[in-house]
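A.B. asks: Quick one: the structure is below, and I'll ask about it shortly.
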Amino acid sequence: MDKKFSASIACASIVDIRDSIEKLNHSVDFLHIDLMDNHFVKNLGFSYDQIADIRKLSNLPFDFHLMVDNPENVLDKNIIREGDMVSIHIEAVFDFEEMAKKIKDLGARVLLALNPMVPIKCIEIVADLIDGINYLTVNPGFASQVQTDIAKIQAANIGSFIKENKREKFIFEVDGNMTLKNIEIFSSFGANCFVLGTSSIFPNNKLNIDQLREIVKLKDK
-6 MDKKFSASIA
4 CASIVDIRDS
14 IEKLNHSVDF
24 LHIDLMDNHF
34 VKNLGFSYDQ
44 IADIRKLSNL
54 PFDFHLMVDN
64 PENVLDKNII
74 REGDMVSIHI
84 EAVFDFEEMA
94 KKIKDLGARV
104 LLALNPMVPI
114 KCIEIVADLI
124 DGINYLTVNP
134 GFASQVQTDI
144 AKIQAANIGS
154 FIKENKREKF
164 IFEVDGNMTL
174 KNIEIFSSFG
184 ANCFVLGTSS
194 IFPNNKLNID
204 QLREIVKLKD
214 K
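Counting in our numbering, the sequence shown runs from -6 upward without gaps.
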């Protein structure tokens, strides 16, 4: 699967967010949107109205990460569109199967979000309900964190699970501290989608994404 890149808009400066999005429209595959409620994680993310405003600035699909209690409520807000991706935490949802079905009925893809130390055994339980995994290399909720010690081990195990279970079409997204070096490392584990934030493109779009695509492509050969 070709490598995809998702820009974490929460890491952009609110002062020049329009300019950032207009530049990203021509270089990334998704806009990564964090929804946070100060309960599931101790931070707040974009409001539904702000997400609607961001839609006006981009035709890119959105890559939602639902870091909220009762994520089922998000589906009632009419913010998820066909072609989007939606990452949900199994520990936050009452009926994962029903939630996954509702997301797919909207034409979006479902990813299982895994905190750094959540057992990857969880993937087995819902493998037939999801389109991939979003592995968090840091404890979610805040930007500019250092990767957890277990992150690379867990990611390698996820890559092995995908290969051994012939889930070649799975999206394997990694989110957290995605420097150029870490993108190369996690790509070697089988990751094929990378959330770019303060470690790579913000502030000032400091990493040339077109060059990054070429580097990752060469490393895969």
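Note that CB positions come from ideal geometry on N, CA and C, so glycine has one too. Nothing here was measured: the structure is a model prediction, and the numbers come from that model.
Decide if Tyr128 is buried, meaning its Cβ has at least 16 other Cβ atoms within 10 Å, or exposed.
C.D. replies: buried
A.B. asks: What are the uninterrupted segments assigned as alpha helix (DSSP H) that are 4 or more residues long and contained completely in the region 41 to 79, given in chain order?
C.D. replies: 41 to 48
A.B. asks: Which residues mark the beginning and the end of the alpha helix (DSSP H) in which Met92 is found?
C.D. replies: 89 to 98
A.B. asks: Could you tell me how far apart the beta carbons of Ser(-1) and Val131 are, in whole angstroms, since I believe they sit closer than 8 Å?
C.D. replies: That belief does not hold up - the Cβ atoms of Ser(-1) and Val131 are roughly 16 Å apart, past 8 Å.
A.B. asks: At what residue ranges does the region 170 to 209 contain a whole run of the beta strand (DSSP E), taking only runs of 3 or more?
C.D. replies: 186 to 189
A.B. asks: Name the two residues that bound the continuous beta strand (DSSP E) containing Phe23.
C.D. replies: 23 to 29
A.B. asks: Please name the residue in Ile72, Lys70, Gly76, Leu105 whose C-alpha comes closest to that of Ala85.
C.D. replies: Distance check between Ala85 and each of Ile72, Lys70, Gly76, Leu105 places Leu105 closest, using alpha-carbon atoms only.
A.B. asks: Counting only the same chain and skipping the five closest in sequence on each side, list residues whose C-beta sits under 8 Å from that of Asn31.
C.D. replies: Leu37
A.B. asks: Output the distance between the C-alpha atoms of Asp22 and Asp(-5), rounded to the nearest integer angstrom.
C.D. replies: Linking Asp22 to Asp(-5) through their CA atoms gives a straight-line distance of about 11 Å.
A.B. asks: Rounded to whole angstroms, what's the CA-CA distance from Ser13 to Phe33? Just pull it up for me.
C.D. replies: Roughly 28 Å between the two C-alpha positions.
A.B. asks: Let me know if Gln215 comes out buried or exposed under the rule of 16 or more other beta-carbons within 10 Å of its beta-carbon.
C.D. replies: This structure leaves residue 215 out entirely; the chain is present only between -6 and 214.
A.B. asks: Going along the chain, which residues of its own chain have a beta-carbon closer than 6 Å to the beta-carbon of Phe182, five neighbours each way excluded?
C.D. replies: Ala148, Ala149, Gly152
A.B. asks: Please go through the same chain and pick out, in chain order, the residues whose beta-carbon is closer than 8 Å to the beta-carbon of Lys156, but skip the five residues on each side of it.
C.D. replies: Gly183
A.B. asks: Taking the alpha-carbon positions, what's the Pro109 to His82 distance?
C.D. replies: 12 Å
A.B. asks: Could you have a look at Gly38 and say whether DSSP puts it in helix, strand or coil?
C.D. replies: coil
A.B. asks: Give the straight-line distance between the Cα atoms of Leu59 and Leu68, rounded to the nearest whole angstrom.
C.D. replies: Leu59 and Leu68: Cα-Cα distance of roughly 11 Å.
A.B. asks: Compare the beta carbon distance of Ile47 and Leu17 with 8 Å and say whether it is the shorter of the two.
C.D. replies: Not closer than 8 Å, so no.
A.B. asks: Could you check if Gly169 is buried or exposed, using at least 16 other CB atoms within 10 Å of its CB as the buried criterion?
C.D. replies: buried
A.B. asks: Here's the rule I'm using: 16 or more other beta-carbon atoms within 10 Å means buried, otherwise exposed. How should Gly190 be labelled?
C.D. replies: That one is buried.
A.B. asks: Quick test of your reading: Phe55 and Leu28, contact by CB under 8 Å. State the CB separation rounded to the nearest angstrom.
C.D. replies: In fact, because the Cβ distance is near 10 Å, the residues do not count as touching under 8 Å.
A.B. asks: If I'm right that Val79 touches Val103 with Cβ under 8 Å, what's the distance once you round it to whole angstroms?
C.D. replies: 6 Å
A.B. asks: For Gly152, which beta-bridge partners are listed by DSSP?
C.D. replies: For Gly152, which the question treats as bridged, DSSP gives no partner whatsoever.
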